[in-house]
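Asks: Heads up: the sequence shown begins at 1 in full-length UniProt numbering, then just goes up one per residue.
Don't be surprised by glycine CBs; every beta carbon is placed ideally from N, CA and C.
Below you will find the structure I want to go over with you.
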Amino acid sequence: MSIYDLTVPKADGDAYSLSEYKGKPMLIVNTATKCGLSDQFDSLEKLYSTYKEDGLVVLGFPSDQFKQELGSAEEAEQACRMSYGVTFPMHDIVKVNGKEAHPLFKYLTSNTKGFLSKSIKWNFTKFLIDADGNIIARYSPKEKPEAFEEDIKKVLGK
């Protein structure tokens with residue numbers, strides 16, 4: 001199984017296959033608009049706008065598993081667009097841990113290890129995927145996106 005075999009839900013509920021991004025590096029992030037780390041939306045958007053022409057795709061997945069998200073995916077998406085100027089794709093609210101975790105996050109966590117555990121400890125855990133669908137790195141919630149910009153440049157061949 002590869003990441004390209006997975007289907008994910010858009011904010012409006014429509015689903016699509018991640019195979020749409022074959023050949024493009026992805027930065028996948030579990031987000032929450034009411035989280036104290038939500039200022040990372042600005043950094044994520046800056047990376048996206050800087051490198052999208054080079055192929056980088058940033059994918060935001062709101063989760064209320066830590067009780068810091070708005071009531072619906074549409075509200076979360078609107079808050080991201082209005083408050084942070086987010087233009088990268090946002091998705092439906094998903095679970096990131098446990099039996100009901102979305103298959104994408106089951107895949108990401110089973111193929112990486114966080115600090116002392118495989119589970120996602122908090123909002124804004126980030127996963128960098130190369131253009132071939134390989135998981136390159138997992139970054140902690142407190143690790144700001146600009147801190148691993150060099151890793152992004154490497155997967156972009158810059």
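According to DSSP, Tyr48 sits in a beta bridge with which residue or residues?
Replies: As a working note, residue 48 is residue 48 in the sequence shown. Tyr48 pairs with nothing; no bridge assigned.
Asks: What did DSSP end up calling Ala147 once you bin it into helix, strand or coil?
Replies: By one-based count along the sequence shown, residue 147 stands at place 147. Of the three classes helix, strand and coil, the one that applies to Ala147 here is helix, per DSSP.
Asks: Looking at the structure shown, is Ile152 part of a helix, part of a strand, or coil, going by DSSP?
Replies: Position 152 of the sequence shown, counting from 1, holds the residue named residue 152. Of the three classes helix, strand and coil, the one that applies to Ile152 here is helix, per DSSP.
Asks: State yes or no: is the C-beta of Leu6 within less than 9 Å of the C-beta of Leu156?
Replies: For this step, residue 6 is matched to residue 6 along the sequence shown. For this step, residue 156 is matched to residue 156 along the sequence shown. The answer is no: Cβ separation not under 9 Å.
Asks: Closest by CA to Lys24, which one among Glu149, Lys144, Ile129?
Replies: For this step, residue 24 is matched to residue 24 along the sequence shown. Out of Glu149, Lys144, Ile129, Ile129 has the C-alpha closest to the C-alpha of Lys24.
Asks: Going by DSSP, what residue range makes up the alpha helix (DSSP H) through Ser110?
Replies: The residue you call residue 110 lines up with position 110 of the sequence shown. Run containing Ser110: 103-110, per the alpha helix (DSSP H) assignment.
Asks: What is the rounded straight-line gap between the Cα of Thr87 and the Cα of Pro9?
Replies: If you number the sequence shown from 1, residue 87 lands on position 87. If you number the sequence shown from 1, residue 9 lands on position 9. Per the coordinates, the alpha-carbon of Thr87 lies some 17 Å from the alpha-carbon of Pro9.
Asks: Does DSSP put Leu59 in a helix, in a strand, or in coil?
Replies: Taking the sequence shown and counting its residues from 1, one reaches residue 59 at position 59. Three-state DSSP puts Leu59 in a strand.
Asks: From the DSSP output, read off the bridge partner residues of Phe127.
Replies: For the purposes of this step, residue 127 is taken as residue 127 along the sequence shown, with counting starting at 1. Note: Phe127 is bridge-paired with Ile28, Arg138 in the DSSP secondary-structure output.
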